[in-house]
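These notes concern the structure reproduced below.
Residue numbers (our numbering): 27 to 589.
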């Protein structure tokens, strides 16, 4: 295959970016090569807002032909949470044809080496970045995120996470030198001399099982970690959120072909309605790596049954915030209100349980009772979402009927401190938009435990009354140990309480945010600096992103001979 882009050109184009990413993961300082502001696009080949919207509109009702082998049908059926049918159809694959074709290109991809694989991945990310406006609409109309969130989380933040995975993959692969000269003295005899070669070799085909809510943000780490370590990657999107990942596959295939590699190293596995091919794919012997984001039930099934594969899961947890005391009561309420409202709580990091001492808390505004804290938080959420235009921009749309059903059922679980209300989106009358509900529960009552000890994904939060800070720490420990948590938050001015919460999170491997009152929120993480999940509690078996996330996607094979 003739390369339109040589390895030398790609290294010259992207090596400095790779080096900056390597420095960022070393220092954990802020850095991103992908602009967050929509106005930053429109030059140097990138699409501006109008061109991106036009490109998205042109996709509606089209057939996205990826040129994959083994296509035996065309499938689709995505409906936007904003109420429009996308009408895009995708190739349906005969796996007995597609999977062998994917394996065929792995030898050349393996032999290219870590640096060349990395810069090819960076070229893919650069071309995706140039189309961020187009991707933003694709993410918005499959996930229900509001446009600005879809633009940022589905665009630059997702691209950052992909680049972060490439950087970690590169570090782990070059940890061992390509060659070594080994000499062992033998006294009066001639020394023993060996020449040794070390080659990172891929496990096989990586399977990325996409999610409905963050198709690119959650999909890119596994995709690029597997690809950068020499594996072919089969992307199986969520049937409600195919388009963003299908476009990514399209870009990846174009870049691979232009750089002289087999485009079948990356392919799409779209499915017919109700087909459920994830289980079939997960058990195929060709699949040696699985990345999954979604329900605990299916994540547990993958971990138990896909024995031939290395499985990385991000499942579900019960995220908790301990509210003990604060020196900025207004800031605390504002920060929590935003965290509970963003994307209608449809984030794996959104707080669910707020543990508040029943005797109340101390604040810079004087003591506040449990009832006052909950009522003030309800008012803060109401104030944040009081203007419908601002509410639509923060809430987005309810992603599927299951979330709406859980929201409606939550009101029957306890005393409602903040009722959910319906909001109309004037641009998309078919969108289902709801504000959060806050329900008061007594942590000492067994019937309440069934509610707060289960994940209730969506805009539902429980204000759980506890007896003391010690009880809050113990309930936090039990929750993380039994149910897992992607995030933990705490508000306290007491060093002993802070230390107790820290110790729980260290022992149970949960990521902790302390006393957030400004523009950083417990449910947001920054690539190159923050870890998303820990891999150490039931919510996830992996962290995005660390060395463990990439190191077992390849093995090092040694060839040695006498010098």
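Glycine included, C-beta positions come from ideal geometry on N, C-alpha and C.
query	result
Take residue 102 as the anchor and find which of 95, 114, 92 and 94 has the nearest alpha-carbon.	114
Give every residue of the same chain whose Cβ lies closer than 8 Å to the Cβ of residue 357, excluding the five residues on either side of it in the sequence, and list them in chain order.	543 and 544
Report buried or exposed for residue 111, applying the criterion of at least 16 other Cβ atoms within 10 angstroms of its Cβ.	exposed
Three-state secondary structure (DSSP) at residue 391?	coil
Could you name the residues of the same chain whose beta carbon sits closer than 6 Å to that of residue 539, not counting the 5 residues immediately before and after it, in chain order?	515 and 548
Hey, quick one: how far does the beta strand (DSSP E) through residue 206 stretch, first residue to last?	205-212
Going by Cα to Cα distance, which pick from 74, 495, 69 and 381 is closest to residue 525?	495
Rounding to the nearest angstrom, what Cα-Cα distance links residue 99 and residue 488 in this structure?	46 Å
Going by Cα to Cα distance, which pick from 568, 45 and 580 is closest to residue 341?	568
Under three-state DSSP, which class holds residue 334?	coil
With DSSP run on the structure shown, which of helix, strand or coil describes residue 361?	helix
From the beta carbon of residue 336, is the nearest beta carbon of chain B less than 8 Å away?	Absence of chain B from the displayed structure is noted, only one protein chain being present.
Using a Cβ-Cβ cutoff of less than 8 Å, which residues in the same chain neighbour residue 481 once the five nearest sequence positions on both sides are dropped?	322, 342, 343, 344, 378 and 509
In terms of residue numbering, what span does the beta strand (DSSP E) encompassing residue 100 cover?	97-102
Expressed to the nearest angstrom, what Euclidean distance is found between the alpha-carbon atoms of residue 354 and residue 74?	40 Å
If we require 4 or more residues per run, which alpha helix (DSSP H) segments fall completely within the stretch 458-487?	472-478
Going by DSSP, what residue range makes up the beta strand (DSSP E) through residue 226?	215-228
Check whether the Cβ atoms of residue 107 and residue 457 lie closer than 8 Å to each other.	yes
What are the start and end residues of each continuous beta strand (DSSP E) run of 3 or more residues lying completely inside the stretch 528-588, in chain order?	538-540 and 580-588
Count the other C-beta atoms from every protein chain shown that fall within 10 angstroms of the C-beta of residue 582, then say buried if there are 16 or more, exposed otherwise.	exposed
Taking the beta strand (DSSP E) that residue 305 belongs to, which residues open and close that run?	Careful: residue 305 lies outside any beta strand (DSSP E), inside the alpha helix (DSSP H) at 303-308.
On the criterion of 16 or more Cβ atoms from any shown chain inside 10 Å, does residue 70 qualify as buried, or is it exposed?	exposed
When DSSP builds the beta bridges, which residues end up paired with residue 268?	None; residue 268 has no bridge partner.
With distances taken from CA atoms, which of 426, 77 and 409 is nearest residue 237?	426
The alpha helix (DSSP H) spanning residue 152 covers which residue range?	140-156
Tell me which same chain residues have a C-beta within less than 7 Å of the C-beta of residue 511, skipping the five on either side of it?	343, 344, 345, 346, 505, 536, 563 and 565
Where does residue 232 sit, in a helix, a strand or coil, going by DSSP?	strand
Got a sec, what are the start and stop residues for the alpha helix (DSSP H) residue 452 sits in?	Looking at the DSSP string, residue 452 is not in any alpha helix (DSSP H), and its letter there is neither H nor E.
Taking contact to mean 3 or more Cβ pairs, one atom from each stretch, closer than 8 Å, check whether the stretch 300-311 and the stretch 127-141 are in contact.	no
Using a Cβ-Cβ cut-off of 6 Å (strictly less than) and excluding sequence neighbours within five positions of residue 263, which residues of its own chain qualify?	236 and 271
Evaluate the contact criterion for the stretch 221-241 versus the stretch 568-580: three or more CB pairs, one atom per stretch, below 8 Å.	yes
Assuming residue 402 is part of the alpha helix (DSSP H), what are its boundary residues?	396-410
Should residue 600 go down as buried or exposed, given a rule of 16 or more other Cβ atoms within 10 Å for buried?	Residue 600 is absent from the model: the chain starts at 27 and stops at 589.
CB-CB under 8 Å to residue 476, same chain, minus the five flanking residues each way: which ones, in chain order?	none
In the DSSP assignment, find the alpha helix (DSSP H) that holds residue 246 and state where it starts and stops.	241-254
Taking buried to mean at least 16 other C-beta atoms within 10 Å of its own C-beta, is residue 410 buried or exposed?	buried
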